[in-house]
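*Asks:* Can you keep this structure in mind? I'll have questions shortly.
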Amino acid sequence: MNDRTRGRAGGGCMTDQADGRPFLKVEGVSKSFGGVRALSEIELEVNRGEIRAIIGPNGAGKTTLINLISRVYPPDRGRITFAGRDITRVPTHRIASVGIGRTFQNVALFRGMTVLDNLMLGRHPLMRPGIFSSGIYWGLAQKKEVEHRARVEWIIDFLEITHIRKTLVAALPLGLQKRVELGRALAGEPTLLLLDEPMAGMNVEEKEDMVRFIFDINEELDKTIVLIEHDMGVVMDISQRVSALDFGVKIAEGTPDEVRANPAVIEAYLGTAAQQASR
Amino acid sequence: MLTLQNVEVIYSKVILVIKGLTLEVPEGGIVTLLGANGAGKSTTLKAIAGLLGAERGEITKGGIGFNGHRINDRTPAEIVKLGIALVPEGRQVFEHLTTEENLLAGAHTRRNLAEIRRDIDLVYQYFPPLAARRRIEAGYLSGGEQQMLAIGRALMSRPKLMLLDEPSLGLAPMLVQEIFDIIAQLNQEEKVTVLLVEQNAAMALTIARYGYILENGRIVLDGTAASLRDNEDVKEFYLGLSEVGRRSYRDVKHYRRRKRWLL
Amino acid sequence: PVADGQSKEPIRFGIMYDQTGPTSVWGVPIVAGARDYTRLVNKKGGINGHPIEWVEHEMGYKVPTAIEGYERFKAAKVVAFWAWGTPIIYALWERATTDKIPATTPGFGRADAADGERYRYVFPMAASYWSQAGAGVKFIMDQWKKEGKTGKPKIAFLYWDNPAGREPFPILEKLQKQEGFQFKSWAVPTPGLEMSAQVQDIVRRYRADWVITHIWSKAPAISIKEFKRLGFPMNRVVSFVWGAAEHDMIAAGWDVAEGYYGMQFAGVGADYPVHREIAQMYKEEGKTPPKEMFEISVGYNRGMLWVGVMIEAARLALDKYGWPLDGAKLQKGFEMIDGVRGLEGVAPQLKITPKDHEGGGYVQIFQTRGGKIVPATDWFHGYRDVVLEAVYATKEGKK
Amino acid sequence: MVNRECGVFFSTYAADMRLFPLPLTRWTMVGIAGLGFVVFPLVASDYFLNIANLVCIAAVGAIGLNLLVGYTGQISVGHGAFIAAGAYAGALVVTRAGLPFWIALPFGGLMAAVVGAFFGIPSLRIKGLYLAIATLAAQFIIEWLIIHIEWISGGAESTVTVPKAAIGPWVLDTLLEQYFLNLIVLSLAIVFAMNLVRSPIGRAFIAIRDRDVAAEVIGVNLFRYKLLAFAVSSFYAGVTGILYALYLGAANYEQFDIATSIDFLAMIIIGGLGSILGSVFGAFFITVLPMALRVAVDGAVTAALFLFPAANISHVVQSMTAVKLILFGGLIIVFLIVEPEGLNKLWRNIKDYFRVWPYSY
Amino acid sequence: MRFLLDELPFFLELLVSGLLIGMMYALVALGFVLIYKASQAINFAQGEFVMFGGFVVAASMRYHGLSLVLSLALGFGAMVVIGLLMERLVLRPLTGRGVIAIIMATIGLASILKGLLLLIWGPLSVNIPLPIREEPVEIFTLLVKLVAVVGAIISLVFLAGFSFLFLRSRLGIALRAVADNQTVAQLMGIDVRHYFALTWVTAGVVATIGGVMWGNMIGADVHTALIGLKVFPVVILGGLTSVPGAVLGGLIVGAVENLAAGYIDPFVGGGTKDFVPYILMILALMVRPYGFFGEQVIERV
Ligand SMILES: Nc1ncnc2c1ncn2[C@@H]1O[C@H](COP(=O)(O)OP(=O)(O)OP(=O)(O)O)[C@@H](O)[C@H]1O
Ligand SMILES: Nc1ncnc2c1ncn2[C@@H]1O[C@H](COP(=O)(O)OP(=O)(O)OP(=O)(O)O)[C@@H](O)[C@H]1O
Ligand SMILES: [Mg+2]
Ligand SMILES: [Mg+2]
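Residue numbers (the working numbering), protein chains in the order written: chain A, -6 to 272; chain X, 256 to 518; chain C, 31 to 429; chain W, 331 to 691; chain D, 3 to 303.
As structure tokens, this is what we get:
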């Protein structure tokens, strides 16, 4: 499977693999909130086509790291490069067009809209709406809208949410909301997907569905994925590499098996009764 | 101690969510309620705690009894006074109150300051990270800390029955273990009866003695924890076990994934 | 004549007022006065036997509601109507002109509407803000001389910061040049609840000899209190017409307001013949007259005057052009008014002409003394030449 | 407002995305338009035409405010000021430059949009009710500017007299002609707004309302769209202002005070936040309610005088007018309680009822 | 230099009277903050509360000849009843309906209170005589109004009281919990209705005191309600959720508007008093979006 992934990544359009640089690179990034040091001097390199898991105790700074990459906040210090481009100072609303999509730990869908509209919004960075053409909604504007709609319908189909296409998201159970959020991120045609606990609150069956989507997205849609997850079963099974944070510091990195065996990780995160992973 | 008799819950007068649910929690026990997303688990707990009103929901049929009182029509405040505490889904702490003030708010029904102080210290003993953050606004705590706080806060009312809605949601494995340990400990030492809603069925079925499985607003299966653990369907859908032990997530593609034809 | 008077067709007036909005203090006594006077006239046989009928409309000082009222008036075929409030007359005067329904705007609206040739269907029919400015200055200059002071007075002008409040400026500035007194102005912005800084400036820094105030609503009472609190003599303050009613004194406290001067375009008090007739009317009905008649006589009397002028115009029009009346005839009626019969003492020597719809611009200055508002001057007008020059100058000047 | 009927399927996305995808709703719309454009003008007296005019004019502004408050979630209490800005800008273009009304309409709208966008700048940093109060500043500042800058206000009266709208030699001076003008503008405003809210821009507005952080990460430029929302909303306000000026024959700021802003807020809340048609219903409700109350109160006065002939009529009238205020407030509250989602919800219920008529389910 | 010396007394006098007036604004703003804290809603009827409370006192004294103390008791009583009715008839049915509905309801309430006042007592303005001298006192050549001094002292007393209430007591924690999350507060056994009633009643009582002080300053009638407009810049500057903020905001607005009237008005043709505080408010908000002491919204994604 790894081979296949690598091969595909090599054929990508905006490849940076060629010059040997990592796809996403976080260098010496720090972030404090008031007195709280959420992240210090974090280094992270993610290769194109990878599925990377980030683990760590609650409050370790995982979400903060993703927030920094997706430019929800600026880092206090350090540099973030993505696809060969320094994105440390890119305005937040440009991050989607740079090619980064994400989901949120606490589902952040637009509750007053249908699933379809949420996904259409995901395509916002690919649209150039004009106020007059929008208000008149005729000709080109309509044609564009239909094109986007076709693409969104493809994603809806892909994620198997066709039956709830016109449902208000507020009325959906959490599991489906997470799936819709994933769809919204996909709709922006990102090359890197940041998923913050995409499987929290799901039962095994639902997790399996989600895993299946993640695999498909990674392999067949050729997206690089960084995900935060507390379910060690999932993390160990699907990721190629794992980075572990604790107290804002990276304490371990490597293959799932390496990280699972790392004493610091056991100490801080898995607990001595680390049978967790095998449940 | 707690009994639900054929309860039916409707939201906004039209959405029937709980369809005749019967359930019992014996004094001193730990009972777990499992079920898929949207099955109506949270709704059940809200119905018990009297919280449906705020969400335009109502109990249209059936009765909820607690120690012989019928509590269908009581206000949440009255229900708390009877000794029921709910730890709501998604760690809803009072963001602008400090950790300690959250705990004090939890003790609202009590008057004896000395006892309250003692219980606060007890909570800090159970959850040491909270002690270090007692003066910090709870909105700034990490997810795990907030979950601890929510449980601790519920303890402050000295409940006889604690309703826990997915306490392990979003917690690190070590903490999940800890929290379940603490729940078991509370059950044994403080004699708190527990009704636990969980997605982490493996964990829940280890500490619970009895379990119910809720689907689409109906109980589809119930039994002792041990019997549930052995049930084939439970194994497949809630525990993720195949005949040979734990099923790897990697395998999903082999038997569930459909081939996609991409152009 | 009572019996057959009732059998004749009625004459309808549109009466628009505010009893719930910002001018409600005035709405209540003015309507009470107007209503009582109308009833009295009807009781005495109406206008040549035609009873007067009201189409009334409370509009809370809101323009859309006021327009609704106007449409009601129109549908009810009124021959003339009261407008109420500056924004409202702006919204209505054009329609009134097109529909040929005379509108009265006593004591508000624009001063240059006195020019009857330009605003044919608008009748200010009482001293405009320009005339009030002229009268105020004249009063001060007279007092100054009377007290034997030398030099020129230092006059402060405290005004509401809106169009109506700023309206007197052209006249005041002109008079300052002409008379050479010192002059400075202070604005009170809406809602006019607080003016300590302005009063402090007038009293403590500018050290005015005389103050002219042109404020309304609660502001007059507040200004009285402020002047008092800073020790300024109250008998050096003279107010325009909307700041000198009993309710202002009640709000400030009569003793606090002792000495305060105020302008009136209708008489004050309940001692005129017409009041006795109204009291008699109530007595015959076995009722007591409304308390407004005595307590807020300023408003009550203005109400009588406002409707009295309309009645007088109708009477004149009916005499000259005969039944049926319409707006155009009534317009002519207004232009023939020379004194208001039946309201002797309450009304000034009003003389409306096709050129002068203001009717002479007369005011009388009253003073607060011993819990009462008593006359301090006779009816007079000040610097009429300056005012009229301004009225007719705007025609060429602006459009 | 467009409920999907079961049994109706669409073969193209374009068909599915039409404003009124169902034949039934399409015909309802045609019917309503027919009522508004043909039947009503034929039967209405001047009195009712006047009310209809006022409702149309207010509805334009209400739609605008709803775009900002209901769709974008930025509460504004400065709408009255933006209406005033538009009224003066339009009036000045007509009187100073002698341009026809159909230029003044968009021009005044644009000026108001600029002013509105300017006062929307704080929305970048300020949120929620803090922003609401910040917009109140617009009311005070614009009012001050209008009074104190003679070039705008045209002199001490701060009133600009505006000639009636005219198309060439044809002067729209009857209520009927003005009704058509106002109704056409309102119809355009409705269609434009309905299109806008289902366009990418409208979606961005709603996204900002629902979850601004997520919207930003997804690629919505918050600053740009918030300002745009303020601008569009104020454009509508400006058009309302000019329509008022044309209708009344003068632009006068005193009629656009804080109470106006609050009235407009009431319209959209009563009508239904986030609903275009709701705004129109709300405008109708808030415009007509005082008139209806007046009729009721007039009746009550007559009844009271009949029952208590000894009462002083002036006092009875005075009390009853006060009752009007109480009823106005009371009805608003009652309305909020019984129909929290506004008149629009009521309308939907009626529609749903008739859609399945004659079966009750 | 000489000019400055000449100017100084006047400047000081403006400043002092502005600060004192500012404290009186704070008195009105306190109740507003209270309601905002408890229900996250702007009370558009705050001015009407002040108007109504004050007028009940004024009317009792003038029309019924009652003593000040008795009248005050009546005023408090009336506002307690209104507060309770508000909770029972309006807030309770609106539970869980969002802030906007509550805001709109306060607009309705404002209209009702105005109507009630006009219905019962009519539009006449009534003076509230207080046993405080009208004549100014002179302190170091500065003229100071005694009413305003008393008003300022009352404000400070309430500031202290409320601060204690919110920070320390069981009641305070419960109130803040309700403000933070009503549903969860109920789960703690906190009777939300009870506390809503309490805040509205308290706000009403404070408003009555404000109404009496302002009634003495400017007379009591329907227009007293307009003082509510002044509250907005005051509470925003201080932060909607902060009791000390209300006082600080009051001081700033009071001082700034007085100085603007004294020093800016002459150059621009007047009337700046009302909008200068608003400009200041916006500028301040751009720097501190939640006012000086306002609670930051904690937004975690
Ligand atoms: N917006 C913020 N303001 C203040 N502090 C914050 C903010 N966001 C995060 N923090 C703090 O930063 C630290 C890291 O938080 P973060 O949310 O990144 O943790 P996490 O690793 O995602 O934890 P979890 O697994 O519980 O989600 C925590 O101590 C948290 O309290
Ligand atoms: N306030 C509400 N109004 C309408 N429907 C609701 C409401 N709350 C919940 N529902 C619906 O009721 C069903 C049950 O919801 P509930 O939250 O009880 O599920 P759950 O079993 O707790 O699921 P989860 O695992 O996601 O927490 C869901 O389909 C949900 O969409
Ligand atoms: Mg996290
Ligand atoms: Mg749940």
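Glycine included, C-beta positions come from ideal geometry on N, C-alpha and C.
Sorted by chain position, which residues of the same chain lie with C-beta nearer than 6 Å to A89 of chain A's C-beta, five sequence neighbours on each side aside?
*Replies:* If we look at A89 of chain A and ignore the five residues flanking it on each side, its Cβ neighbours are P118 and G181.
*Asks:* Quick check for students: name the residue ranges of the beta strand (DSSP E) that lie wholly in the stretch 421 to 507 of chain X, counting only runs of 3 or more.
*Replies:* Within the stretch 421 to 507 of chain X, the complete beta strand (DSSP E) runs of at least 3 residues are 448 to 453, 465 to 470 and 473 to 479.
*Asks:* What distance in whole Å lies between the Cβ atoms of I149 of chain A and T155 of chain A, which are believed to be in contact at a cut-off of 8 Å?
*Replies:* Between I149 of chain A and T155 of chain A the Cβ distance is about 6 Å, and since that is below 8 Å, they are a contact.
*Asks:* Would you list the one or two residues that DSSP bridges to A46 of chain A?
*Replies:* In the DSSP output, where bridge partners are listed per residue, A46 of chain A has A:L220 and A:V235.
*Asks:* Exposed or buried, N396 of chain W, counting other C-beta atoms within 10 Å across all chains shown (16 or more means buried)?
*Replies:* That one is buried.
*Asks:* Starting from the beta carbon of E421 of chain X, find every residue of chain A whose beta carbon is closer than 8 Å, and list them in chain order.
*Replies:* Chain A residues near E421 of chain X: G194.
*Asks:* Run the proximity test for L165 of chain A: is its beta-carbon closer than 8 Å to any non-hydrogen atom belonging to ligand 2?
*Replies:* L165 of chain A Cβ: within cutoff of ligand 2.
*Asks:* Do you know offhand how far V71 of chain D's Cα is from I156 of chain D's?
*Replies:* Each residue's Cα considered, the two are about 16 Å apart.
*Asks:* Identify the contact partners of H223 of chain A in chain X, using a Cβ-Cβ distance below 7 Å as the criterion.
*Replies:* Result: G425, L426, A427 and P428.
*Asks:* Hey, does W272 of chain C have any beta-carbon neighbour from chain D nearer than 9 Å?
*Replies:* For W272 of chain C, the answer is no, since every Cβ of chain D falls outside 9 Å of its Cβ.
*Asks:* Quick check on the DSSP output: the beta strand (DSSP E) that includes T398 of chain C runs from which residue to which?
*Replies:* Residues Q394 to R399.
*Asks:* What three-state label does DSSP hand G431 of chain C in the structure shown?
*Replies:* The structure shown does not extend to residue 431 of chain C, since chain C is modelled only from 31 through 429, so no value can be given for it.
*Asks:* When you compare each of C:P378, C:W84 and C:R42 to V298 of chain C by their alpha carbons, which one comes out closest?
*Replies:* The residue with the shortest Cα to Cα distance from V298 of chain C is C:P378.
*Asks:* When you compare only the Cα positions, how much space is there between A141 of chain C and I382 of chain C?
*Replies:* Their Cα atoms are separated by approximately 15 Å.
*Asks:* I'd like to know if V647 of chain W contacts chain C, where contact means its C-beta is closer than 9 Å to some C-beta of that chain.
*Replies:* True, the Cβ-Cβ gap to chain C drops below 9 Å.
*Asks:* List the whole-angstrom C-beta distance separating V267 of chain C from F257 of chain C, where the pair is believed to meet the contact cut-off of C-beta under 8 Å.
*Replies:* That pair is a contact at about 6 Å.
*Asks:* For chain C, find out if any of its Cβ atoms is closer than 9 Å to the Cβ of M219 of chain D; answer yes or no.
*Replies:* At least one chain C Cβ lies under 9 Å of M219 of chain D.
*Asks:* For I170 of chain C, which option in C:Q206, C:R235, C:W216 and C:E39 has the closest C-alpha, if you only look at C-alpha atoms?
*Replies:* When each option's Cα is compared against that of I170 of chain C, the closest is C:Q206.
*Asks:* If you measure from the CB of K296 of chain X, is any heavy atom of ligand 4 nearer than 8 Å?
*Replies:* Checking every heavy atom of ligand 4 against the Cβ of K296 of chain X, one is found closer than 8 Å.
*Asks:* Determine, using beta-carbon pairs with one atom in the stretch 399 to 419 of chain X and one in the stretch 434 to 449 of chain X, whether at least three such pairs fall under 8 Å.
*Replies:* Flag = yes, the stretch 399 to 419 of chain X and the stretch 434 to 449 of chain X touch.
*Asks:* Here's the rule: buried if 16 or more other CB atoms are within 10 angstroms of the residue's CB, otherwise exposed. What is Y65 of chain D?
*Replies:* The residue is exposed, with fewer than 16 neighbouring Cβ atoms inside 10 Å.
*Asks:* Cβ atoms of P40 of chain C and E83 of chain C: under 9 Å apart, would you say?
*Replies:* Yes.
*Asks:* Could you have a look at E263 of chain X and say whether DSSP puts it in helix, strand or coil?
*Replies:* Reduced to three states, the DSSP call for E263 of chain X is strand.
*Asks:* Got a sec: which bits of the stretch 372 to 402 of chain X sit with their beta carbon under 9 Å from any beta carbon on chain A, in order along the chain?
*Replies:* Residues P384, I391, Y395, L396, S397, G398, G399, E400, Q401 and Q402.
*Asks:* Would you mind stating whether E88 of chain C and T651 of chain W have Cβ atoms separated by less than 9 Å?
*Replies:* Yes, the Cβ-Cβ distance between E88 of chain C and T651 of chain W is below 9 Å.
*Asks:* Using 9 Å as the limit for Cβ to Cβ distance, is T342 of chain W near chain A?
*Replies:* Yes, contact with chain A.
*Asks:* Relative to ligand 1, is the shortest distance from any of its heavy atoms to the C-beta of S397 of chain X smaller than 8 Å?
*Replies:* Flag set: Cβ of S397 of chain X near ligand 1.
*Asks:* Check each candidate in C:V55, C:N78, C:V93 and C:A106 and name the one with the smallest Cα separation from G44 of chain C.
*Replies:* Comparing Cα positions, the closest option is C:A106.
*Asks:* Residues of the stretch 118 to 138 of chain C with a CB closer than 9 Å to any CB of chain W: list them in chain order, please.
*Replies:* Listed by position along the chain: I118, Y120, A121, L122, W123, E124, R125 and T128.
*Asks:* Could you say which of A:T184, A:M192, A:M106 and A:I207 lies nearest to A164 of chain A if we only look at CA atoms?
*Replies:* Measuring from the Cα of A164 of chain A, the nearest candidate turns out to be A:M106.
*Asks:* Could you tell me the boundaries of the alpha helix (DSSP H) in which Q401 of chain X lies?
*Replies:* G398 to L410 is the extent of the alpha helix (DSSP H) around Q401 of chain X.
*Asks:* Does the count of Cβ pairs from the stretch 80 to 96 of chain A and the stretch 182 to 192 of chain A closer than 8 Å reach three?
*Replies:* Contact between the stretch 80 to 96 of chain A and the stretch 182 to 192 of chain A is present, because at least three Cβ pairs lie under 8 Å.
*Asks:* Could you tell me the boundaries of the beta strand (DSSP E) in which E88 of chain C lies?
*Replies:* First-last of the beta strand (DSSP E) with E88 of chain C: I82 to E88.
*Asks:* Could you compute how far the alpha carbon of S161 of chain C sits from the alpha carbon of G139 of chain C?
*Replies:* Cα to Cα, the separation comes out at about 13 Å.
*Asks:* Kindly examine ligand 1 and report whether one of its heavy atoms sits closer than 8 Å to the Cβ of E246 of chain A.
*Replies:* No.
*Asks:* Report the three-state DSSP secondary structure of Q433 of chain C (helix, strand or coil).
*Replies:* Given a span of 31 to 429 for chain C in the structure shown, any question on residue 433 of chain C remains unanswerable.
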